[in-house]
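Novice: For the sequence shown, my numbering assigns the number 88 to the initial residue and increments by one for each residue that follows.
Glycine included, C-beta positions come from ideal geometry on N, C-alpha and C.
Remember, it's a predicted structure, so these values are computed and weren't measured experimentally.
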Amino acid sequence: MRVRRPRTVAGLQAMVAGGTRVRALGTGHSFSRIADTDGELISTAGLPPTADIDAAAGTVTVASGVKYGDLAQRLNAAGWALANMASLPHISVAGACATATHGSGDHNRNLAAAVRAVDLVTADGSLLTLDRDAGPARFPGAVVALGALGVATTLTLDLVPAFPVRQYVYDDLPGGELTGHFDEIMGAAYSVSVFTWWRGGRHHQVWLKHADGDPEPRTGPGTRFRVCPRTRPRSKKGCPARGTSGCPISGSASPRAPAQNSRPSTCSPGRPRSPRSRR
Ligand SMILES: Cc1cc2nc3c(=O)[nH]c(=O)nc-3n(C[C@H](O)[C@H](O)[C@H](O)COP(=O)(O)OP(=O)(O)OC[C@H]3O[C@@H](n4cnc5c(N)ncnc54)[C@H](O)[C@@H]3O)c2cc1C
88 MRVRRPRTVA GLQAMVAGGT RVRALGTGHS FSRIADTDGE LISTAGLPPT
138 ADIDAAAGTV TVASGVKYGD LAQRLNAAGW ALANMASLPH ISVAGACATA
188 THGSGDHNRN LAAAVRAVDL VTADGSLLTL DRDAGPARFP GAVVALGALG
238 VATTLTLDLV PAFPVRQYVY DDLPGGELTG HFDEIMGAAY SVSVFTWWRG
288 GRHHQVWLKH ADGDPEPRTG PGTRFRVCPR TRPRSKKGCP ARGTSGCPIS
338 GSASPRAPAQ NSRPSTCSPG RPRSPRSRR
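Okay, structure coming up:
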């Protein structure tokens, strides 16, 4: 297998037309072998990292190899945002959309849902544009295609005006609380993520992102679902093991604002901290 990185769309077209068993490669984050081939991998990371905003249409047409973290900063600087983001800043827009990378909670659909159009280099090297509005009959299946339809060069994504987000993290949600209040928890904020280490019968963290104008979360007794406020320091390896007496279920939630939007790897005190705006 070899990896090729064309620098122009014309070069990409020639590679695809002349190649055998070609497969598109994003940032290679997928843990499955979905992007593997015994032929040629073609990455679009070498194409110019364009991101053209059409303010009238409320869209951005972005080069397929651009990463979400880079795109978000460019959009924000221009007063725009995506309705939902990959939680990992370093994955490509094309790879995330091609695999229907997840949304978050009830209110945010998966990342592919924002795609309004896609430009593809197909097997014979020709360019094809598929558009949600202009060609609705051909569009379904074009985005979450796992790279099977061709190599995407650009995607056109729906935008929303930039908006602040306040994120609260709740530690140690008991498993029964999630199953018993699933709809309530998943609908509790603009964006909801639940993380687990698959041990201890608990969910390690719940992240609630509230958009500007949403009500503040309730934090005292009577909070809608119960979580365990952390009272002990966290070890470097993760949450301390919990015995039956280790962490009684509390009637209150302990929100805290995380330092950054990264997958949790260490525990932290359950004391409330003031929220921090994020975009
Ligand atoms: C166990 C697991 C956990 C995950 N956790 C998270 C998470 O916490 N947060 C998060 O945001 N995402 C997560 N993901 C999803 C991940 O973001 C996706 O797998 C996504 O595909 C990664 O993008 P990539 O750029 O690395 O794509 P790649 O892994 O390189 O490729 C994925 C697929 O997209 C196709 N593809 C890539 N580029 C193009 C292109 N230009 N044109 C056409 N097809 C293309 C490839 O052919 C392949 O089929 C997770 C995935 C897995 C399997």
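1. Using the C-alpha atoms, what's the distance from serine 191 back to proline 302?
2. Using DSSP's beta-bridge definition, name the partner residues of aspartate 245.
3. For asparagine 171, which beta-bridge partners are listed by DSSP?
4. Should valine 90 be counted as a contact of ligand 3 given a C-beta to heavy atom distance under 7 Å?
5. For ligand 1, is there a heavy atom less than 7 Å away from the beta-carbon of serine 117?
6. For valine 231, does the three-state DSSP call read helix, strand or coil?
7. Can you name, in chain order, every residue of its own chain whose Cβ lies under 8 Å from the Cβ of alanine 173, other than the five neighbours on each side?
8. According to the Cβ coordinates, are glycine 237 and leucine 207 closer than 8 Å?
9. Should valine 180 and valine 153 be called a contact, given that it needs their Cβ atoms to be closer than 8 Å?
10. Are the CB atoms of threonine 241 and valine 149 within a distance shorter than 8 Å?
11. Just the C-alpha distance for aspartate 220 and valine 202, rounded to the nearest angstrom, thanks.
12. Under 8 Å: do the stretch 245-262 and the stretch 281-295 share three or more Cβ pairs, one atom per stretch?
13. Under DSSP, the alpha helix (DSSP H) around arginine 203 begins and ends at which residues?
14. Taking valine 96 as the reference, give the member of Ala229, Ala232, Phe250 and Leu215 with the closest Cα.
15. Could you say which of Gly263, Asp245 and Ala249 lies nearest to aspartate 299 if we only look at CA atoms?
16. For phenylalanine 226, does the three-state DSSP call read helix, strand or coil?
17. Quick check: what's the CA-CA separation for threonine 266 versus threonine 283?
18. Suppose the cutoff is 8 Å on Cβ atoms and the five residues either side in sequence are ignored; what does the same chain contact list for leucine 134 look like?
19. Would leucine 162 and valine 147 be called neighbours here (beta carbons separated by less than 8 Å)?
20. Quick one: Cα of serine 361 to Cα of histidine 268, how far?
21. Give every residue of the same chain whose Cβ lies closer than 6 Å to the Cβ of aspartate 193, excluding the five residues on either side of it in the sequence, and list them in chain order.
22. Please tell me whether, using a cut-off of 7 Å, the distance from the CB of alanine 150 to the nearest non-hydrogen atom of ligand 1 is below it.
23. How close, in whole Å, do the beta carbons of alanine 132 and glycine 234 come, if the pair is a contact with beta carbons under 8 Å?
24. Got a sec: does ligand 1 put a non-hydrogen atom nearer than 7 Å to the Cβ of glycine 182?
Specialist: The structure says:
1. To locate residue 302, count along the sequence shown from 1; it is residue 215. To locate residue 191, count along the sequence shown from 1; it is residue 104. Roughly 19 Å between the two C-alpha positions.
2. Residue numbering aside, residue 245 sits at position 158 when the sequence shown is read from its first letter. Its beta-bridge partners are Thr146.
3. Here the question's residue 171 lines up with position 84 in the sequence shown. DSSP output for asparagine 171 lists no bridge partner at all.
4. Of the ligands one can find in the structure shown, namely ligand 1, none is ligand 3.
5. Locating residue 117 in the sequence shown gives position 30, counting from the first residue. Yes - ligand 1 has a heavy atom lying nearer than 7 Å to the Cβ of serine 117.
6. As a working note, residue 231 is residue 144 in the sequence shown. In this structure, valine 231 counts as coil in the three-state DSSP scheme.
7. On the sequence shown, residue 173 is found 86 positions in, with the first residue counted as 1. Excluding positions up to five away in sequence, the list reads Tyr155, Ala183, Thr188 and Leu198.
8. Taking the sequence shown and counting its residues from 1, one reaches residue 237 at position 150. Taking the sequence shown and counting its residues from 1, one reaches residue 207 at position 120. Yes, these two residues count as a Cβ contact at 8 Å.
9. Taking the first residue of the sequence shown as position 1, residue 180 is located at position 93. Taking the first residue of the sequence shown as position 1, residue 153 is located at position 66. It is a contact, given that the beta carbons lie within the stated cut-off.
10. In the sequence shown, counting from the first residue as 1, residue 149 sits at position 62. In the sequence shown, counting from the first residue as 1, residue 241 sits at position 154. In this structure, threonine 241 lies closer than 8 Å to valine 149 by Cβ.
11. Locating residue 220 in the sequence shown gives position 133, where the first residue counts as 1. Locating residue 202 in the sequence shown gives position 115, where the first residue counts as 1. The alpha-carbon atoms of aspartate 220 and valine 202 are separated by roughly 11 Å.
12. yes
13. Reading the sequence shown from its first residue, position 116 is the one you call residue 203. Here arginine 203 belongs to no alpha helix (DSSP H); instead the beta strand (DSSP E) covers 202-208.
14. Numbered from its first residue, the sequence shown carries residue 96 at position 9. If we check each option's Cα against that of valine 96, Leu215 comes out closest.
15. On the sequence shown, position 212 is the one that residue 299 refers to. Measuring from the Cα of aspartate 299, the nearest candidate turns out to be Ala249.
16. Walking along the sequence shown from the start, residue 226 turns up at place 139. Correct three-state label for phenylalanine 226: coil.
17. As a position in the sequence shown, residue 266 is number 179, starting the count at 1. As a position in the sequence shown, residue 283 is number 196, starting the count at 1. Taking the straight line joining both Cα atoms gives about 14 Å.
18. Here residue 134 corresponds to residue number 47 of the sequence shown, with the count starting at 1. Here the set comprises Pro93, Arg94, Thr95, Val96, Leu99, Ala150, Ser151, Gly152 and Thr240.
19. Working through the sequence shown from its first residue, we reach residue 162 at position 75. Working through the sequence shown from its first residue, we reach residue 147 at position 60. In this structure, valine 147 lies closer than 8 Å to leucine 162 by Cβ.
20. As a first step, residue 361 must be located in the sequence shown, where it is residue number 274. As a first step, residue 268 must be located in the sequence shown, where it is residue number 181. Because the pLDDT at serine 361 is just 33, under 50, the model does not fix this residue reliably, and the point stays unresolved.
21. As a position in the sequence shown, residue 193 is number 106, starting the count at 1. Around aspartate 193: Met273 and Gly274.
22. Against the sequence shown, residue 150 aligns to sequence position 63. No, ligand 1 has no heavy atom inside 7 Å of this Cβ.
23. Stepping through the sequence shown from its first residue, residue 132 is reached at position 45. Stepping through the sequence shown from its first residue, residue 234 is reached at position 147. Not confirmed; about 14 Å, so no contact.
24. Counting from 1 along the sequence shown, the entry for residue 182 is found at position 95. Yes, ligand 1 has a heavy atom inside 7 Å of this Cβ.
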